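Working notes for the structure below.
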Amino acid sequence: MTNSPVKVTSKEQIKQILDEHDTFIFDCDGVIWLGSHVIPGAIETLKLLRSLNKQVIFVTNNSTKSRKTYTQKFAQFGYDATKEEVFGSAYAAATYLDKFVQLPKDSKVWVYGESGIVEELEELGYECLGGTDERLNEKFSASTTPFLPLDPKVGAVVAGLDTGMNYHRSAIALQYLLNPDVHFIATNIDSTFPQKGMILPGAGSCIESVAYASGRTPTACGKPSQNMLDAIVSDKGLDRKRCIMVGDRLNTDMKFGKDGGLSTLLVLTGIETEKGAFESGVPDYIADSLGVISELYE
Ligand SMILES: [Mg+2]
3 MTNSPVKVTS
13 KEQIKQILDE
23 HDTFIFDCDG
33 VIWLGSHVIP
43 GAIETLKLLR
53 SLNKQVIFVT
63 NNSTKSRKTY
73 TQKFAQFGYD
83 ATKEEVFGSA
93 YAAATYLDKF
103 VQLPKDSKVW
113 VYGESGIVEE
123 LEELGYECLG
133 GTDERLNEKF
143 SASTTPFLPL
153 DPKVGAVVAG
163 LDTGMNYHRS
173 AIALQYLLNP
183 DVHFIATNID
193 STFPQKGMIL
203 PGAGSCIESV
213 AYASGRTPTA
223 CGKPSQNMLD
233 AIVSDKGLDR
243 KRCIMVGDRL
253 NTDMKFGKDG
263 GLSTLLVLTG
273 IETEKGAFES
283 GVPDYIADSL
293 GVISELYE
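Residue numbers (this note's numbering): 3 to 300.
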């Protein structure tokens, strides 16, 4: 089913969007900031929504940072986001393991990824192994690794972007994944990770080596997977009909919102063009930027 997207250009349209939605779910990069630069008007719109008692939730696929680290980035831009407003793929993976897999809390988790994943799992009460353990930086040897024999209490491998990936980490993660009873969860499976003008390997590319070796496919939690949205809806107790997803990408953000039964607003401050957005027939609304909402509301 395709939409005829509506370009948001009037105060009446803004009022209607505000009337029809209680919860605004945001992608961050390309919507609120571009790397380390805030997008003009974005913070004003967030403050407007807060003054109108709207719930805001920030959704990010970056698993290397915990929710707490994200709130510090918002603080730099003059917005005091709370930890509860941030929903990263590391937290989504931890929530998925807790609420949907219902992995018992006396199980341990092997982390194939960075500290953001460990922090979120520990906060939900899971003991983590692997992750940023410095002993994993040693060259792998089956006879000297301190991670063998395997810990029988490990019930899941949670994998994400790992800028310290090496053979030792892959070798141990694989040993756990060879046991089909051990759950395999990915924070997200983005092939690439755009940073500082470069295209770098994303979480999916890091995870692929152990997925390939084990012959298993992880359950992915990040956008556009509905596991992420299900985790948010469950965690926050949301009414999907009163939620709108705001993002800058058609194939992740808009697909994520639309597949999940939310309204969708595409902003043109990221990678999509107005022509492409209209032709896609995907978003309900299109706006030049997030700042348009606060500008037109005044
Ligand atoms: Mg984005």
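We treat Cβ as the ideally placed atom computed from N, Cα and C, and that holds for glycine.
Computed from a predicted model, the values in this text were never measured in an experiment.
Within its own chain, the residues whose Cβ lies closer than 8 Å to the Cβ of V284, once the five positions on either side in sequence are excluded, are T4, N5, P7, L252, M256, K257, K260, T266 and L268, listed in chain order.
Excluding the 5 residues flanking it on each side, F142 has same chain C-beta neighbours closer than 7 Å at Y169, H170 and A173, in chain order. Burial state of N190 is buried, judged by a 10 Å Cβ sphere holding 16 or more other Cβ atoms. No heavy atom of ligand 1 is found nearer than 7 Å to the CB of D290.
By the CB criterion at 8 Å, T134 and V156 fall outside the cutoff.
Annotated as distal: P203 and A213, with beta-carbon spacing of 8 Å or more.
Separation of Y128 and G162 (C-alpha to C-alpha, rounded to the nearest whole angstrom) is 17 Å. V160 and L123 do touch by the CB rule: their CB atoms are close to 7 Å apart, below 8 Å. An exposed status is given to A77, since fewer than 16 other beta-carbon atoms sit within 10 Å of its beta-carbon. Of the other Cβ atoms in all chains shown, fewer than 16 fall within 10 Å of the Cβ of M200; this residue is therefore exposed. For F258, the three-state secondary structure derived from DSSP is helix.
CA-to-CA, the gap between Y178 and A158 works out to about 8 Å. The three-state secondary structure of D29, taken from DSSP, is strand.
Secondary structure within the region 122–160: not one fully enclosed alpha helix (DSSP H) run of 4 or more consecutive residues is present. Every alpha helix (DSSP H) stretch that sits fully inside the region 70–117 and reaches 4 residues is listed by chain position as 91–97. Following the DSSP letters along the chain, one finds G249 inside the beta strand (DSSP E) bounded by residues C245 to G249. Those residues placing their Cβ nearer than 7 Å to any heavy atom of ligand 1 are, following chain order, D29, C30, D31, G32, V33, G249, D250, R251, D255 and G272.
Spatial neighbours of D100 in its own chain (CB-CB distance under 7 Å, excluding positions within 5 residues in sequence) are listed in chain order as L126.
Contact between K9 and I288 holds, since their C-beta atoms are separated by about 5 Å, short of 8 Å.
When the beta-carbon positions are compared, L180 and S216 come within less than 8 Å of each other.
The count of Cβ pairs closer than 8 Å, one atom from the region 110–118 and one from the region 51–58, stays below three, leaving the stretches out of contact. With a cutoff of 8 Å on beta-carbon distance, L298 and K13 are scored as near each other.
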